[in-house]
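Asker: Residue numbers (the numbering used here), protein chains in the order written: chain R, 1 to 391; chain X, 392 to 782.
Written as structure tokens, this is what we have:
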């Protein structure tokens with residue numbers, strides 16, 4: 001195994017952002033990894049950032065798996081750093097206190113931020129995987145994170161904390177690795193993807209696949225399927241927000257136009273302009289194939305697969321668990337978090353449910369810092385007490 | 392004015408379905424019509440079907456404006472007829488009883504089912520309007536329906552009953568023509584489109600406009616923008632249903648595949664297959680430009696425009712009004728119907744709210760026939776009593 005910096009990130013995704021403090025290693029003695037599908041795949045490069053310091057007892061590691069379009073940069077931690085996607089929660093003195101915890105934030109398998117994904121070079125062909133990339137699952141992502149934990153020489157993880165797709169990884173971590181973990185926090189996530197969530201993802205994928213530039217996924221030497229990815233993102237952005245938050249942010253305001261320009265087809269409402277802008281922005285930093293493969297992993301997510309069903313699978317999570325729901329979440333509505341907690345309690349597990357009351361929809365876990373801080377610190381204290389009491 | 396049959400339907404939309412009992416007329420003495428935008432436009436052909444018979448007093452007409460992709464065929468009414476989109480509610484002995492009422496169901500301005508729309512031939516060029524078609528509004532649609540009522544020689548309309556986009560037309564009818572109407576029923580509609588609804592529509596339009604075959608809207612001599620319209624429909628179908636109805640109908644069931652085929656990118660969940668099928672089905676019967684123009688009309692819908700705002704506009708509706716909401720509607724949630732009723736009551740109007748309790752989402756108004764029947768017949772009785780009492 002090798003722990004190198006940016007030199008190993010060979011990607012055909014031209015917009016790959018190499019973070020200055022991103023580290024990486026290549027998995028496995030033989031560089032091969034057996035996926036949940038049974039397919040052997042590799043080598044897998046794992047990119048990650050760390051925040052804070054590992055203590056002498058090596059028992060203060062906090063793993064943060066990221067959401068669909070997230071990355072390893074959850075917070076700024078060096079002079080001149082850009083803010084991260086969880087800047088309000090991760091840092092010195094914050095809820096996930098980097099003066100206390102050794103925070104590990106890996107880029108996800110199948111993504112486009114450094115860890116191996118569809119734009120990576122396939123050693124068998126010397127060309128980007130593209131359509132040859134295998135279907136991966138949340139379980140695969142989690143096993144890759146475990147390999148990272150092993151690589152870092154850790155025998156325990158104090159907590160795993162993740163929202164959305166990161167929450168799915170957190171729950172799967174709980175199923176697979178409760179025995180080496182002190183607590184998990186799964187935020188704004190289901191225990192299995194609902195058909196409505198699958199439906200939204202399918203719209204996005206279909207939009208990408210309909211883009212003539214997609215060419216079955218093998219587009220890296222040509223034009224980029226920007227239009228398709230952009231529309232996919234627009235759908236996503238709707239599901240990350242709520243009717244109420246859109247009223248608050250946009251109402252029925254027009255974009256740089258007076259009321260008498262509404263009869264022009266090119267005049268936009270602010271909400272339209274915003275969505276188009278968000279679509280274009282994602283195109284600047286995200287690979288369309290990663291969108292296809294990662295949303296497929298979201299859809300395949302089902303804690304119960306091969307484990308006797310959803311309720312039975314929850315029995316396998318023995319670690320203290322906090323599940324956080326967002327009151328206005330339309331993508332993963334709160335009944336989905338509540339049924340996880342109910343199921344865990346049926347098996348006698350220590351499980352808490354906290355609802356973040358806000359109008360922001362799914363994105364609330366990135367925005368409602370005060371409520372999130374209260375929930376996370378309250379649970380962290382309980383985990384500490386439980387650990388000390390040997391429960 | 393002329394009342395002809397199918398001969399007048401000159402359309403470049405190759406999939407135009409000429410219903411055997413569809414009638415039409417051409418509006419206006421000079422065949423010109425001034426749109427809400429101030430633009431003069433015409434001639435406008437209006438296609439419609441009628442059901443039942445006008446009574447001697449000419450006071451039993453019921454007008455049914457249709458929803459986005461609906462048409463004039465709301466029910467079968469001749470031997471061999473296909474079922475209509477409101478078959479369960481319109482017919483002899485049904486809630487909208489064609490033995491009692493003279494039902495008029497017009498095709499909408501801007502659509503592609505017979506009434507003038509973007510695929511119609513522009514007399515100035517001899518070619519389809521395409522990108523030259525003007526932006527139209529719900530108010531324009533309603534004034535076209537009023538011209539139809541005039542054409543039929545009617546001085547009063549007993550009731551106007553419409554759902555979704557038909558509900559918007561119903562409310563606008565109430566604003567403009569309360570004085571010649573006995574009652575209106577607005578179903579699953581807002582009083583003004585919310586930004587979230589606009590957002591969904593913008594995804595659909597962007598998808599159509601990104602289709603290389605769309606060519607700015609002037610595609611009638613070439614390939615049809617099927618892919619774009621299909622994705623637009625997929626988004627729409629999600630918003631017409633609900634998370635609960637999708638669990639009931641599809642769950643996480645796969646399409647003709649076993650569990651070990653989930654690792655193939657082409658394997659579909661049933662919900663994905665269903666959406667793709669619905670997308671393809673709409674392409675067979677609907678014009679992409681109509682989708683663009685009609686959704687634009689939806690977005691522009693605001694009862695309050697130019698009338699001192701939404702609440703003030705409700706003052707103009709003086710006719711007894713029933714507003715029906717669907718408990719599980721995610722497109723036009725029930726707060727939107729309740730605020731209409733609240734506003735009407737603030738102005739001292741006779742307004743009732745009935746909520747259809749069902750898991751089907753927005754489409755509930757097409758599905759929950761028993762509850763719809765109860766609501767409609769109850770209100771019809773009240774309208775009769777109010778009319779007899781001269782209220």
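Note that beta-carbon positions come from the ideal geometry of N, C-alpha and C, so glycine has one too.
Just so it is clear, the structure is predicted and the values come from calculations on it, not from any experiment.
(1) Closer than 7 Å, CB to CB, is residue 108 of chain R near chain X or not?
(2) Taking C-alpha atoms, which residue in R:196, R:142, R:151 and R:157 lies nearest to residue 173 of chain R?
(3) Tell whether a beta-carbon distance below 7 Å holds between residue 439 of chain X and residue 497 of chain X.
(4) Which word fits residue 520 of chain X, buried or exposed, when buried means at least 16 other C-beta atoms lie within 10 angstroms of its C-beta?
(5) Using 8 Å as the cut-off, can you tell me whether the segment 533-549 of chain X makes contact with the segment 711-730 of chain X, which would need three or more C-beta pairs spanning the two stretches below that distance?
(6) Mind checking the segment 724-740 of chain X against chain R and listing, in chain order, the residues whose C-beta falls within less than 8 Å of any C-beta there?
(7) Have a look at R:44, R:230, R:290 and R:361 and flag the residue whose alpha-carbon is nearest the alpha-carbon of residue 207 of chain R.
(8) Helix, strand or coil: how does DSSP classify residue 94 of chain R here?
(9) Can you list, in chain order, the stretches of the beta strand (DSSP E) that have 3 or more residues and sit fully within the segment 652-693 of chain X?
(10) Return the residues of the segment 575-590 of chain X that lie within a Cβ-Cβ distance of less than 8 Å from chain R, sorted by chain order.
(11) Decide yes or no for the touch test of the segment 179-196 of chain R against the segment 308-325 of chain R: beta carbon pairs closer than 8 Å, at least 3 of them.
(12) Have a look at residue 181 of chain R and residue 385 of chain R and give me their C-alpha separation to the nearest angstrom.
(13) Given this structure, state the Cα-to-Cα distance separating residue 355 of chain R from residue 277 of chain R, to the nearest angstrom.
(14) Going by beta carbon distance, what residues of the same chain come within less than 6 Å of residue 758 of chain X, once the five residues before and after it are set aside?
(15) In whole angstroms, what is the alpha-carbon distance linking residue 256 of chain R and residue 275 of chain R?
(16) Note down, in chain order, every chain X residue with its Cβ under 8 Å from the Cβ of residue 246 of chain R.
(17) What distance in whole Å lies between the Cβ atoms of residue 734 of chain X and residue 702 of chain X, which are believed to be in contact at a cut-off of 8 Å?
(18) Since residue 603 of chain X meets chain A, which of its residues come closer than 8 Å, beta carbon to beta carbon?
(19) For residue 32 of chain R, which residues in the same chain have their Cβ closer than 8 Å to its Cβ, ignoring the five residues on either side in sequence?
(20) Can you find at least 3 beta carbon pairs, one from the segment 71-78 of chain R and one from the segment 159-174 of chain R, that sit closer than 8 Å?
(21) Near residue 36 of chain R, what residues of its chain come up, given a Cβ to Cβ distance below 6 Å and the 5 sequence neighbours on each side ignored?
(22) Given residue 34 of chain R, which residues of its chain have a CB within under 6 Å of its CB, disregarding the five upstream and five downstream residues?
(23) Check each residue of the segment 685-701 of chain X: if its Cβ is closer than 9 Å to any Cβ of chain R, include it; give the result in chain order.
(24) Which residue's Cα is closest to the Cα of residue 16 of chain R: R:175, R:290, R:378 and R:298?
(25) What alpha helix (DSSP H) runs, 4 residues minimum, are completely inside the segment 195-271 of chain R?
(26) So if I threshold CB-CB distances at 8 Å, which residues from the segment 605-620 of chain X count as touching chain R?
(27) Please identify the residue among R:63, R:286, R:19 and R:108 whose C-alpha is closest to the C-alpha of residue 80 of chain R.
(28) Report the start-end ranges of each beta strand (DSSP E) in the segment 537-578 of chain X that is 3 residues or longer and not cut off at the edges.
(29) Can you find the residues in the same chain that come closer than 6 Å, C-beta to C-beta, to residue 731 of chain X, ignoring five residues on each side of it along the sequence?
(30) In chain order, what are the residue ranges of uninterrupted beta strand (DSSP E) at least 3 long that sit wholly in the segment 441-487 of chain X?
(31) According to DSSP, simplified to helix, strand and coil, what is residue 516 of chain X?
(32) Using 8 Å for Cβ pairs, my map puts residue 54 of chain R next to residue 60 of chain R. What's the rounded Cβ distance?
(33) Between residue 108 of chain R and residue 205 of chain R, how many whole angstroms is the CB-CB distance? I'm expecting something under 8 Å.
(34) Report the neighbours of residue 168 of chain R on chain X: residues whose CB is nearer than 7 Å to its CB, in chain order.
(35) In terms of residues, what are the limits of the alpha helix (DSSP H) holding residue 407 of chain R?
(36) To the nearest angstrom, how far is it from the Cα of residue 441 of chain X to the Cα of residue 658 of chain X?
Answerer: Let me lay it out:
(1) Counting from 1 along the first chain, the entry for residue 108 of chain R is found at position 108. No, because no Cβ of chain X sits closer than 7 Å to the Cβ of residue 108 of chain R.
(2) Locating residue 173 of chain R in the first chain gives position 173, where the first residue counts as 1. Taking only the C-alpha atoms, the option nearest residue 173 of chain R is R:142.
(3) Along the second chain, read from residue 1 onward, the residue named residue 439 of chain X stands at position 48. Along the second chain, read from residue 1 onward, the residue named residue 497 of chain X stands at position 106. Yes, these two residues count as a Cβ contact at 7 Å.
(4) Locating residue 520 of chain X in the second chain gives position 129, counting from the first residue. With 16 or more Cβ atoms within 10 Å of its Cβ, residue 520 of chain X is classed as buried.
(5) no
(6) 724
(7) As a working note, residue 207 of chain R is residue 207 in the first chain. Ranking the options by Cα distance to residue 207 of chain R, first place goes to R:230.
(8) Numbered from 1 along the first chain, position 94 holds the residue referred to as residue 94 of chain R. Correct three-state label for residue 94 of chain R: coil.
(9) none
(10) Residues passing the 8 Å Cβ filter: 583, 584, 585, 586, 587, 589 and 590.
(11) yes
(12) In the first chain, residue 181 of chain R corresponds to position 181, counting from 1. In the first chain, residue 385 of chain R corresponds to position 385, counting from 1. Approximately 14 Å between the Cα atoms of the pair.
(13) One-based indexing of the first chain puts residue 355 of chain R at position 355. One-based indexing of the first chain puts residue 277 of chain R at position 277. Looking at the two C-alpha atoms, the distance is approximately 31 Å.
(14) One-based indexing of the second chain puts residue 758 of chain X at position 367. So the list reads 751, once near-sequence residues are dropped.
(15) Residue 256 of chain R sits at position 256 when you count from the first residue of the first chain. Residue 275 of chain R sits at position 275 when you count from the first residue of the first chain. In a straight line, the C-alpha of residue 256 of chain R is about 16 Å away from that of residue 275 of chain R.
(16) The residue you call residue 246 of chain R lines up with position 246 of the first chain. Listed by position along chain X, the residues whose Cβ is nearer than 8 Å to that of residue 246 of chain R are 585, 586, 587 and 590.
(17) The residue given as residue 702 of chain X occupies position 311 in the second chain. The residue given as residue 734 of chain X occupies position 343 in the second chain. With a contact defined as Cβ atoms closer than 8 Å, residue 702 of chain X and residue 734 of chain X qualify at about 5 Å.
(18) Absent from the structure is chain A; the protein chains it does hold are R and X.
(19) Residue numbering aside, residue 32 of chain R sits at position 32 when the first chain is read from its first letter. Hits under 8 Å: 40, 41, 42 and 43.
(20) Because the criterion of three Cβ pairs below 8 Å is not met, the segment 71-78 of chain R and the segment 159-174 of chain R do not touch.
(21) Counting from 1 along the first chain, the entry for residue 36 of chain R is found at position 36. Once the five neighbours on either side are set aside, the close Cβ partners of residue 36 of chain R are 137, 139 and 140.
(22) For the purposes of this step, residue 34 of chain R is taken as residue 34 along the first chain, with counting starting at 1. For residue 34 of chain R, where only same-chain residues beyond five positions count, the Cβ hits under 6 Å are 40.
(23) 687, 690, 691, 693, 696 and 697
(24) If you number the first chain from 1, residue 16 of chain R lands on position 16. Comparing Cα-Cα distances from residue 16 of chain R to each of R:175, R:290, R:378 and R:298, the minimum goes to R:290.
(25) 195-210, 226-240 and 243-249
(26) Listed by position, the residues of the segment 605-620 of chain X near chain R (Cβ gap below 8 Å) are 618 and 619.
(27) Mapped onto the first chain, residue 80 of chain R falls at position 80. Per the Cα distances, R:19.
(28) For the segment 537-578 of chain X, whole beta strand (DSSP E) runs of length 3 or above, ordered along the chain, are 548-554 and 572-578.
(29) Stepping through the second chain from its first residue, residue 731 of chain X is reached at position 340. Taking residue 731 of chain X as the centre and dropping the five residues before and after it, the same chain places the C-beta of 582 and 714 closer than 6 Å to its C-beta, in chain order.
(30) 452-454
(31) The residue you call residue 516 of chain X lines up with position 125 of the second chain. Three-state result, residue 516 of chain X: coil.
(32) Taking the first residue of the first chain as 1, we reach residue 54 of chain R at position 54. Taking the first residue of the first chain as 1, we reach residue 60 of chain R at position 60. Yes, residue 54 of chain R and residue 60 of chain R are in contact; Cβ-Cβ is about 7 Å, under 8 Å.
(33) The residue you call residue 108 of chain R lines up with position 108 of the first chain. The residue you call residue 205 of chain R lines up with position 205 of the first chain. Not quite, the Cβ-Cβ distance comes to about 17 Å (not below 8 Å), so this is no contact.
(34) Sequence index remark: in the first chain, residue 168 of chain R carries index 168 (1-based). Under the 7 Å cutoff, chain X gives no residues; its nearest Cβ is about 14 Å from residue 168 of chain R.
(35) Chain R is shown only over 1 to 391; residue 407 of chain R falls outside these bounds and no answer can be derived.
(36) Taking the second chain and counting its residues from 1, one reaches residue 441 of chain X at position 50. Taking the second chain and counting its residues from 1, one reaches residue 658 of chain X at position 267. About 46 Å.
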